[in-house]
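Protein chains in written order, with our numbering: chain A, 1 to 318; chain B, 319 to 636.
Glycine residues also receive a C-beta, built at the ideal position from the N, C-alpha and C atoms.
Notes to accompany the following structure.
2 protein chains.
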Amino acid sequence: MLNTVKIKAPATVANLVCGFDVLGLCVDAPFDVMEIQLLDRRAVIVVSGDGFSVPIKPEDNTAGASLLALQDQLEGPIGFKVTIHKHIRPGSGLGSSAASSAGAVVGANYLLGNKFTKNEIAQFALHGEKVASGVKHADNIAPAIFGGITLVRSIFPLDIISIPAPDLFITIVHPQIEVRTKDSRTILQKEILLRQAVKQWGNVGGLVAGFMKNDHELIGRSLEDFIVEPVRSTLIPRFHEVKQQSKAAGALGGGISGSGPSIFMLSSTERTARVVEAVMKEVYGDSGIEFNTYVTNINQKGIEVIDAPIKQQASEIL
Amino acid sequence: MLNTVKIKAPATVANLVCGFDVLGLCVDAPFDVMEIQLLDRRAVIVVSGDGFSVPIKPEDNTAGASLLALQDQLEGPIGFKVTIHKHIRPGSGLGSSAASSAGAVVGANYLLGNKFTKNEIAQFALHGEKVASGVKHADNIAPAIFGGITLVRSIFPLDIISIPAPDLFITIVHPQIEVRTKDSRTILQKEILLRQAVKQWGNVGGLVAGFMKNDHELIGRSLEDFIVEPVRSTLIPRFHEVKQQSKAAGALGGGISGSGPSIFMLSSTERTARVVEAVMKEVYGDSGIEFNTYVTNINQKGIEVIDAPIKQQASEIL
């Protein structure tokens with residue numbers, strides 16, 4: 001019986017500007033690599049493959065918490081050891097914790113003969129996200145597990161909808177400043193104006209329709225956020241320069257990836273996506289802030305089992 | 319030159335439960351019939367074809383205000399006379415004012431050789447809606463003009479998106495109590511909880527995806543409203559009985575049509591739609607409230623020019 005599997009757990013861009021806590025997409029790069037091993041005893045062990053320290057108690061770890069939730073559904077002497085090679089930087093806003101929590105349970109499920117459905121796997125992974133952000137949110141987990149673009153229509157009960165998406169190119173810049181998901185949640189207002197909310201759900205409807213109609217102009221017009229971006233963008237130096245100059249360079253639109261500080265932009269062509277990357281490099285070039293950029297695609301598969309080590313696709317790590 | 323045209327202006331169901339102020343659909347029945355006549359002088363005249371009194375000043379009338387807005391774009395001695403045969407009851411929540419305001423300008427535009435685009439026509443019609451409800455909202459005007467299901471992504475600038483829709487059957491009950499659009503707006507909270515708004519835009523995304531995927535179950539699950547329905551339903555006697563029993567009878571879901579008091583339900587088959595109609599009749603049968611019911615379809619054409627008088631399709635007017 002196969003008792004070890006190697007998986008590739010890609011980064012994800014949550015929110016997609018207007019769809020706070022509901023929309024997300026999976027990208028080809030960056031991604032984590034994880035080995036998951038089946039144990040013949042009741043244990044969950046999480047190890048860093050890069051030599052970093054990891055919380056000893058599995059319940060304090062994103063991968064550990066999701067594996068514990070899965071293990072809860074199993075009887076007998078069965079456990080898991082997971083070794084994580086982290087390439088998606090924690091705190092980047094690129095779904096690093098979702099990759100760990102969802103990757104671990106997708107791998108474990110593979111070793112169990114895919115006993116659980118993708119929806120059940122997402123339920124387990126939510127426990128890992130709660131460790132990371134204090135809230136059960138599935139907007140990174142869903143695209144990580146299902147691939148492509150996903151809508152989390154509801155968390156209780158969990159209802160994940162795959163949104164057919166056109167070929168788009170994604171440019172990401174990760175300015176390496178610290179923005180913790182917990183902090184970026186607490187600065188949001190608990191109450192919002194109804195008239196702002198109406199604009200927001202008009203845009204969510206427009207963005208979903210734009211993806212499904214392959215209408216790039218509509219996608220661009222719908223990438224508007226009147227509620228979260230005005231607050232969170234204050235935490236990201238040069239956000240507005242990046243956004244404005246990327247759009248001037250031909251990007252359809254974009255904004256904060258997840259809770260930031262990464263910024264993503266969508267483009268219709270790879271050529272434009274690379275011009276946008278150049279814009280991002282120029283904006284941050286003299287800022288004194290370290291940063292990475294990625295030019296990547298929508299990853300339609302999500303987390304997948306791999307056999308051989310795969311070279312990372314990050315176009316540049318400064 | 320053709321100087322008179324007869325048009326059919328159908329009813330519309332705005333909001334579609336979760337999409338307050340943005341979603342709407344056009345139905346086959348009921349509909350108004352209007353004659354629009356080109357005048358060779360600077361005048362706008364609105365007349366009731368049914369003998370009812372109409373505000374003398376055109377700016378105080380929904381059809382008149384939209385015609386004035388259109389006339390503003392024209393030079394010289396040109397005017398319009400419109401005669402309205404009203405079958406969509408004012409105050410029913412079925413887009414009676416939108417039928418008048420949009421119907422008048424669609425007819426006038428036809429006489430002008432379709433000089434204006436549908437988007438421009440919708441802009442003119444917004445002036446009529448403002449007379450009726452105090453607010454420029456396009457969620458009835460858009461489906462009336464474009465037909466089918468529409469999303470008003472934005473009002474300023476006006477951005478109307480047609481949402482490809484499956485064949486669905488619509489059952490409507492209009493309990494004849496008075497709910498004025500202005501009143502039903504003022505009782506809404508100006509501020510809402512962010513977490514409720516997130517649920518709402520999850521549902522708007524789900525509903526748009528459900529329509530475009532022809533996924534009836536998803537459409538049903540997405541017909542949820544945590545913000546407007548809890549408030550407005552208090553104005554509609556027996557609302558919850560109608561909703562609960564219609565769903566128990568097989569309806570996918572539904573809720574308040576526009577600002578009410580009409581209630582609509584979507585069904586996958588005509589057979590179910592007729593069972594739902596029977597349920598509605600039973601609920602209101604002993605209520606002492608007069609009511610109409612309609613079993614109808616999505617009208618993909620919207621307002622259209624007709625040559626001969628058409629018999630109304632209302633399945634019953636008690």
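(request) Give a yes or no on whether the C-beta atoms belonging to phenylalanine 442(B) and serine 384(B) are separated by under 7 angstroms. (result) yes
(message) Below 8 angstroms on the Cβ atoms is my contact criterion, and I expect serine 92(A) with glutamate 129(A) to pass it. Report the Cβ-Cβ distance as a whole number of Å.
(response) Not really, about 15 angstroms apart at Cβ, beyond 8 angstroms.
(request) Given a cut-off of 7 angstroms, decide if aspartate 28(A) and alanine 88(A) are closer than it, judged by their beta-carbon atoms. (result) Residue identity differs from the one stated: residue 88(A) is isoleucine in this sequence, not alanine. No.
(message) In the DSSP assignment, the alpha helix (DSSP H) including glycine 620(B) goes from what residue to what residue?
(response) Careful: glycine 620(B) lies outside any alpha helix (DSSP H) and carries neither H nor E.
(message) Once DSSP output is grouped into helix, strand and coil, what is the label at glutamine 37(A)?
(response) strand
(request) Below 7 angstroms between beta carbons is the criterion; list the residues of the segment 519-535 of chain B that meet it against any residue of chain A, in chain order. (result) Trp519, Gly520, Asn521, Val522, Gly523, Gly524, Val526, Ala527, Met530
(message) Any beta carbon of chain A sitting closer than 7 angstroms to that of serine 515(B)?
(response) Per the sequence shown, residue 515(B) should be read as alanine rather than serine. Chain A, which has a Cβ nearer than 7 angstroms to the Cβ of alanine 515(B), makes this yes.
(request) Taking only the alpha-carbon atoms, compute the straight-line gap between leucine 343(B) and asparagine 617(B) and give it to the nearest angstrom. (result) 8 angstroms
(request) With a threshold of 16 other CB atoms inside 10 Å of the CB of glutamate 282(A), please say whether the residue is buried or exposed. (result) exposed
(request) Could you tell me whether the segment 272-282 of chain A touches the segment 290-298 of chain A, where touching means 3 or more Cβ pairs closer than 8 angstroms? (result) yes
(message) Any beta carbon of chain B sitting closer than 7 angstroms to that of valine 17(A)?
(response) no
(request) Could you pull out every residue in the same chain whose Cβ sits closer than 6 angstroms to the Cβ of asparagine 296(A), ignoring the five residues on either side in sequence? (result) Rather than asparagine, the amino acid found at residue 296(A) in this sequence is threonine. The answer, listed in chain order, is Val27, Asp28, Ala29, Ile170.
(request) Give a yes or no on whether the C-beta atoms belonging to valine 424(B) and isoleucine 554(B) are separated by under 7 angstroms. (result) no
(request) Count the C-beta pairs between the segment 189-204 of chain A and the segment 217-226 of chain A that are closer than 8 angstroms, then say yes if the count reaches three, no if not. (result) yes
(message) Pull the bridge partners of tyrosine 602(B) from the DSSP assignment, please.
(response) In DSSP, tyrosine 602(B) forms no bridge with anything.
(message) On the criterion of 16 or more Cβ atoms from any shown chain inside 10 Å, does asparagine 15(A) qualify as buried, or is it exposed?
(response) buried
(request) Could you tell me if proline 461(B) is buried or exposed, where buried requires 16 or more neighbouring beta carbons within 10 angstroms of its beta carbon? (result) buried
(request) Measuring alpha carbon to alpha carbon, tell me which of Ile396(B), Lys433(B), Lys404(B), Leu506(B) ends up nearest serine 577(B). (result) Leu506(B)
(request) Inspect the CB distances between the segment 388-407 of chain B and the segment 358-375 of chain B and report whether three or more fall short of 8 angstroms. (result) yes
(request) Taking serine 415(B) as the reference, give the member of Lys454(B), Lys436(B), Phe398(B) with the closest Cα. (result) Lys454(B)
(message) Pairs of beta-carbons, one from the segment 476-494 of chain B and one from the segment 574-588 of chain B, closer than 8 angstroms: are there three or more?
(response) yes
(request) Have a look at lysine 436(B) and alanine 515(B) and give me their C-alpha separation to the nearest angstrom. (result) 31 angstroms
(message) Using the Cβ count rule (16 or more neighbours within 10 Å means buried), how would you classify valine 208(A)?
(response) buried
(message) Rounding to the nearest angstrom, what Cα-Cα distance links alanine 417(B) and alanine 329(B) in this structure?
(response) 7 angstroms
(request) Could you tell me if arginine 153(A) is buried or exposed, where buried requires 16 or more neighbouring beta carbons within 10 angstroms of its beta carbon? (result) buried
(message) Please report the straight-line C-alpha distance between leucine 168(A) and glutamate 547(B), rounded to a whole angstrom.
(response) 37 angstroms
(message) To be precise: take each residue of the segment 477-493 of chain B, compare its Cβ to all Cβ atoms of chain A, and keep it if any distance is under 9 angstroms. Which residues remain?
(response) Asp477, Ile479, Ser480, Ile481, Pro482
(request) Return the chain-ordered list of same chain residues with a C-beta closer than 7 angstroms to the C-beta of valine 298(B), the five sequence neighbours on each side being excluded. (result) Residue 298(B) lies beyond the residue range present for chain B, which begins at 319 and ends at 636; the question has no answer from this structure.
(message) Beta-carbon within less than 7 angstroms of glutamate 496(B)'s beta-carbon, same chain only, minus the 5 sequence neighbours each way: which residues are those?
(response) Gly409
(request) Specify, as a first and last residue, the run of the alpha helix (DSSP H) that asparagine 109(A) falls within. (result) 96-111
(request) Please name the residue, chosen from Gln176(A), Ile78(A), Leu23(A), that lies closest to threonine 150(A) on a Cα-to-Cα basis. (result) Leu23(A)
(request) Identify the contact partners of arginine 589(B) in chain A, using a Cβ-Cβ distance below 8 angstroms as the criterion. (result) Within chain A, no residue comes near arginine 589(B); the closest Cβ sits about 28 angstroms away, beyond 8 angstroms.
(message) Among the candidates Ser133(A), Leu126(A), Leu194(A), whose CA atom is the shortest distance from the CA of isoleucine 145(A)?
(response) Leu126(A)
(request) Identify the continuous beta strand (DSSP E) that holds serine 540(B) and give its terminal residues. (result) Looking at the DSSP string, serine 540(B) is not in any beta strand (DSSP E); the run it does join, the alpha helix (DSSP H), is 534-540.
(request) Check each candidate in Pro484(B), Glu353(B), Glu509(B) and name the one with the smallest Cα separation from asparagine 532(B). (result) Pro484(B)
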